[in-house]
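Novice: In the working numbering, the protein residues as written are 5 to 335.
Virtual Cβ for every residue (Gly too), placed ideally from N, Cα, C.
None of these values were measured; they are calculated from a predicted model.
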Ligand code: SF4
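This is the structure in structure tokens:
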């Protein structure tokens, strides 16, 4: 069950006495965020708005939504990083899953006996990582936890940022991800090229995600080759505040025009196949917002992420594009 650190929210409201507040978090915990918002309204009598747009990370906090509503504090819930605030008005609130990994970790120790693994997880299970490490080590598995960097804590990854497992990848046999997120686990497999297992505490099973990740990789490579044949390429700047990268878009424009491509520039908040379907005369797109939009979604035309676009530039110069996803940060 997801447990939101409501005490911290209530303490902040008590201390700062805002006229109204806003809350948001990833889709999976929205029902819990709603409950917290109701408790704020009951307890303090102030409006507590749930910003219910998609919210994929600390790159996507929708502080503008809170501003438009006149909310004095935005409680951004469920994306733990190694900091507790963002500027004055955004407060990062932990939301941990209290499910136990004990049984599945013991199973894992039997399956991976004698191996060396890198243990890694997302925000919701970070507090369990040391406990699982102990169980695996007692069961005969050697365990490494890579160091955090940027916003990441030790042993933590985002969907596009993988520093802890990049640090350990040359000294382990496999990665072990705590939680149910195929999204995070496939990113780990792609960025390390190592066998990667999911430790699912709900189904108490260990699943290998490597094959699924290889399919994503093939799709990503194919899109690069198709884009190489394009005459006109649309470059999309994402308008979400933490994904805004105009400089990268303009760099790609320059390089592609040098390589003989025609370029048109676009800006979008939500980059979906439907929205791109409205745009005419474009053979392929590059989007410089969230890289996982390109690798994980279906599009009718090639839509490259930043690492894929870098690979495209290499391809156009007849350089090798091997292992272009095996980097610690996909932006
Ligand atoms: S994968 Fe996308 S949503 Fe997640 S942190 Fe990276 S840019 Fe943000």
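Can you tell me which of the three DSSP states residue 3 falls into?
Specialist: The chain is shown from 5 up to 335; residue 3 falls before or after that span and cannot be answered.
Novice: Please determine, among 112, 106, 146 and 163, the residue with the shortest C-alpha to C-alpha distance to residue 135.
Specialist: 106
Novice: Between which two residues does the beta strand (DSSP E) holding residue 101 run?
Specialist: Counting along the chain, the unbroken beta strand (DSSP E) around residue 101 starts and ends at 99 to 101.
Novice: Within its chain, find whatever has a CB closer than 6 Å to the CB of residue 51; leave out the 5 residues flanking it on each side and keep chain order.
Specialist: In its chain, beyond the 5 residues on either side, 24 have a beta carbon closer than 6 Å to the beta carbon of residue 51.
Novice: Where does residue 218 sit, in a helix, a strand or coil, going by DSSP?
Specialist: helix
Novice: Under the rule that 16 or more other beta-carbon atoms within 10 Å means buried, what is residue 118, buried or exposed?
Specialist: exposed
Novice: Just grab the DSSP bridge partners of residue 267 for me.
Specialist: 237
Novice: Evaluate residue 321 with the Cβ neighbour count: other Cβ atoms within 10 Å of its Cβ, from every protein chain shown; 16 or more gives buried, anything less gives exposed.
Specialist: exposed
Novice: Buried or exposed: which applies to residue 19, given that a residue is buried once 16 or more other Cβ atoms fall within 10 Å of its Cβ?
Specialist: Exposed, by the Cβ-count rule.
Novice: How many Å lie between residue 199 and residue 229 at the Cα?
Specialist: The straight-line gap from Cα to Cα measures roughly 26 Å.
Novice: Can you name, in chain order, every residue of its own chain whose Cβ lies under 6 Å from the Cβ of residue 103, other than the five neighbours on each side?
Specialist: 205
Novice: Using a Cβ-Cβ cut-off of 8 Å (strictly less than) and excluding sequence neighbours within five positions of residue 148, which residues of its own chain qualify?
Specialist: 120, 121, 122, 123, 172, 175 and 176
Novice: Whole angstroms are fine: how far does the CA of residue 187 sit from the CA of residue 143?
Specialist: 28 Å
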